[in-house]
Amino acid sequence: MKYIIAGLLLLLIAIFIIPVSLPIILALITAIIIEPLVKFTQKTFNWKRKLAVITNFFFFIIIISAFIYFVITKLISQLIYTSKVIPFHLNSVTGIWINVQNNLFKYTEGLPKEVVESIQDKFDSTLMSMKDALLDLLSYSNITTLLTNVPNFLISFIVFIIALFLFMLDLERLRTKFFRYLSDDTAEKVRVMSTSVKKVTIGFMKAQILASFIILGASLIGLLFIITPKYAIIMALVIWIVDIIPILGSIIILAPWAIYEYITGDIVLGTKLTILAIILLIIRRAVEPKLMGSQMGISPLAILIAMFIGAKLFGFLGFLIGPLVVILFITAKEAGMIKLNFKL
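Residue 105 in my numbering sits at position 74 of the sequence shown; the count goes up by one each step and never skips.
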């Protein structure tokens with residue numbers, strides 16, 4: 032009976048508490064990840080814990096601030112550039128559309144009038160659908176919603192930063208206090224589990240970093256020597272950074288780029304970009320399972336399913352929460368905290 036109650040409590044926590052506590056949970060996870068650096072700083076410079084925490088926290092803030100500054104400045108500059116070139120490209124798209132219509136009349140010459148009108152209506156409805164979708168994307172309500180979410184993000188980010196600093200200061204005390212509520216047997220299982228979690232988490236990070244470097248090399252070679260040398264280094268770095276995103280990866284950069292080239296009439300470049308996107312996807316899907324299997328010892332299929340379910344439940348952060356839950360479950364099972372010795 033107590034296991035059922037405990038399971039229901041965990042389910043209620045997962046549904047109602049975790050979604051609104053993500054900044055605090057992420058702060059705790061980040062503090063645990065940074066903890067080895069804090070201990071290394073203490074040991075190397077013979078500092079007290081508070082000084083080591085403040086130093087590492089300061090460097091973490093610098094890195095995060097530099098990353099946010101880089102993203103925001105690049106986003107603003109890209110928006111300014113896009114606003115300048117949109118009229119030119121709209122004129123280009125209009126010209127392409129006129130050419131398509133002229134070719135349509137040419138190829139449908141001799142067909143019944145009703146068939147030609149039906150095809151023309153299909154093309155017109157498709158164009159209107161694309162126009163309505165673009166206008167809906169840039170609608171006042173969507174922009175207002177986006178701007179409304181900015182203060183919420185800032186509040187969550189401030190809570191994350193404050194909670195991170197406090198967790199880093201009190202992590203050892205919290206760990207000691209946590210183990211006081213556990214029996215010796217349970218405490219040993221938790222220690223074994225935490226060791227396994229660290230090992231698997233480090234393995235996951237190593238696998239992702241190794242895979243991303245392989246993608247960086249392949250994209251740089253393809254862009255530099257085959258596709259577009261002028262933007263090869265910048266775009267290869269962008270693809271490398273974005274490729275860390277689970278499931279999507281480099282496709283979210285190369286696919287819109289290829290579509291843009293097709294629309295503007297550069298069929299050759301669009302085709303090359305499409306081929307590069309397919310090659311990078313094949314490389315990641317071929318390399319990632321082997322790297323994750325060797326570094327983590329967990330089935331890539333389990334990680335994929337966990338990412339998908341996590342994303343459905345918790346949004347983008349679910350890509351991290353899902354695999355973490357799988358890692359916790361497997362390590363708890365290996366530590367003997369969860370037993371599934373049953374047959375149906």
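All residues carry an ideal CB built from backbone N, CA and C; glycine is no exception.
In terms of residues, what are the limits of the alpha helix (DSSP H) holding Lys79?
-> The sequence position of residue 79 within the sequence shown is 48, counting from 1. Counting along the chain, no alpha helix (DSSP H) covers Lys79, and no H or E run does either.
Ile95 to Leu268, Cα distance in whole Å?
-> Taking the first residue of the sequence shown as position 1, residue 95 is located at position 64. Taking the first residue of the sequence shown as position 1, residue 268 is located at position 237. Their backbone Cα atoms lie some 18 Å apart in a straight line.
Have a look at Lys220, Lys321 and Leu254 and flag the residue whose alpha-carbon is nearest the alpha-carbon of Ala363.
-> Locating residue 363 in the sequence shown gives position 332, where the first residue counts as 1. Minimum Cα-Cα distance from Ala363 among the listed residues Lys220, Lys321 and Leu254 corresponds to Lys220.
Applying the criterion that 16 or more other CB atoms from any shown protein chain within 10 Å of the CB defines a buried residue, is Ile245 buried or exposed?
-> On the sequence shown, residue 245 is found 214 positions in, with the first residue counted as 1. The Cβ neighbour count for Ile245, taken over all protein chains shown within 10 Å, is at least 16; the residue is labelled buried.
What are the start and end residues of the alpha helix (DSSP H) that includes Ile270?
-> Along the sequence shown, read from residue 1 onward, the residue named residue 270 stands at position 239. Note, Ile270: alpha helix (DSSP H), Ala263 to Val273.
Distance, Thr226 Cα to Ile334 Cα = To locate residue 334, count along the sequence shown from 1; it is residue 303. To locate residue 226, count along the sequence shown from 1; it is residue 195. Spanning the two alpha carbons is a distance of roughly 20 Å.
The alpha helix (DSSP H) spanning Leu241 covers which residue range?
-> Numbered from 1 along the sequence shown, position 210 holds the residue referred to as residue 241. Where Leu241 is concerned, the enclosing alpha helix (DSSP H) stretches over Asp215 to Gly253.
Looking only at its own chain, which residues have a Cβ that is under 8 Å from the Cβ of Val228, when we skip the five neighbours before and after it?
-> Here the question's residue 228 lines up with position 197 in the sequence shown. Cβ within range, chain order: Ile358, Leu359 and Thr362.
Going by Cα to Cα distance, which pick from Ile64, Ser52 and Pro54 is closest to Lys230?
-> Start at 1 with the first residue of the sequence shown, and residue 230 comes out as number 199. Considering only alpha carbons, the answer is Ile64.
Could you check which residue in Leu39, Leu312, Ile264 and Ile294 has the C-alpha nearest to that of Ile283?
-> To locate residue 283, count along the sequence shown from 1; it is residue 252. Checked all of Leu39, Leu312, Ile264 and Ile294; the closest Cα to Ile283 is Leu312.
Inspect the CB distances between the region 205-220 and the region 73-91 and report whether three or more fall short of 8 Å.
-> No: the two stretches stay apart, fewer than three of their Cβ pairs being nearer than 8 Å.
Counting Cβ pairs, one atom from each stretch, are 3 or more of them under 8 Å apart for the region 244-261 and the region 288-299?
-> Taking a contact to require three or more Cβ pairs closer than 8 Å, the region 244-261 and the region 288-299 do not qualify as touching.
Leaving out the 5 sequence neighbours to the left and right, which residues in its chain are closer than 8 Å to Met199 when beta-carbon positions are compared?
-> Looking up residue 199 in the sequence shown gives position 168. Same-chain partners within the cutoff: Ala62, Ile65, Glu66, Val69, Val84, Asn87 and Phe88.
Where Lys237 and Leu322 are concerned, what is the direct C-alpha to C-alpha distance, given to the nearest angstrom?
-> For the purposes of this step, residue 237 is taken as the residue at position 206 of the sequence shown. For the purposes of this step, residue 322 is taken as the residue at position 291 of the sequence shown. Answer to the nearest angstrom: the Cα atoms are 8 Å apart.
If you check the beta carbons only, do Ile264 and Ser281 fall under 7 Å apart?
-> By 1-based counting over the sequence shown, the position of residue 264 is 233. By 1-based counting over the sequence shown, the position of residue 281 is 250. Contact: no.
Could you give the residue range of the alpha helix (DSSP H) that holds Pro287?
-> Residue numbering aside, residue 287 sits at position 256 when the sequence shown is read from its first letter. In the DSSP assignment, Pro287 falls within the alpha helix (DSSP H) that extends over Ile282 to Ile294.
If Leu307 sits next to Leu285, beta carbons under 8 Å apart, how far is it from one beta carbon to the other, in whole angstroms?
-> By one-based count along the sequence shown, residue 307 stands at place 276. By one-based count along the sequence shown, residue 285 stands at place 254. Their Cβ separation, rounded to whole angstroms, is 6 Å, which keeps Leu307 and Leu285 in contact under 8 Å.
Less than 8 Å between the CB atoms is what I'm expecting for Ile336 and Lys303, so what's the real figure, rounded?
-> By one-based count along the sequence shown, residue 336 stands at place 305. By one-based count along the sequence shown, residue 303 stands at place 272. Between Lys303 and Ile336 the Cβ distance is about 34 Å, and since that is not below 8 Å, they are no contact.
For Phe210, I'd like the list of residues in its chain whose CB is within less than 8 Å of its CB, leaving aside the five on either flank, ordered along the chain.
-> Walking along the sequence shown from the start, residue 210 turns up at place 179. Closer than 8 Å at the Cβ level, and outside the excluded window around Phe210, lie Ala218 and Val221.
Kindly indicate which three-state DSSP category Asp297 falls into: helix, strand or coil?
-> If you number the sequence shown from 1, residue 297 lands on position 266. Reduced to three states, the DSSP call for Asp297 is coil.
What is the DSSP secondary structure of Ile49, reduced to helix, strand or coil?
-> Position 18 of the sequence shown, counting from 1, holds the residue named residue 49. It is coil, neither helix nor strand.
When we look at the beta-carbon of Ala194 and count the other beta-carbons within 10 Å, is it buried (16 or more) or exposed?
-> Translated into positions along the sequence shown, residue 194 becomes position 163. Taking a 10 Å sphere around the C-beta of Ala194, we find 16 or more other C-beta atoms and assign the residue as buried.
Anyone know if the C-beta pair for Thr181 and Ala242 falls short of 7 Å?
-> Looking up residue 181 in the sequence shown gives position 150. Looking up residue 242 in the sequence shown gives position 211. The question names Thr, but residue 181 in the sequence shown is Val. In this structure, Ala242 does not lie closer than 7 Å to Val181 by Cβ.
Please look up how many angstroms separate the CB atoms of Leu49 and Ile60, rounded, as I've assumed it's under 8 Å.
-> Here residue 49 corresponds to residue number 18 of the sequence shown, with the count starting at 1. Here residue 60 corresponds to residue number 29 of the sequence shown, with the count starting at 1. A small fix is needed here, since residue 49 is Ile in this sequence, not Leu. About 12 Å separates the beta carbons of Ile49 and Ile60, which is beyond the 8 Å limit, so they are not a contact pair.
Give the secondary structure of Thr104 by DSSP, where H, G and I count as helix, E and B as strand, and everything else as coil.
-> Residue mapping note: residue 104 aligns to position 73 of the sequence shown, counting from 1. Here Thr104 sits in helix by DSSP.
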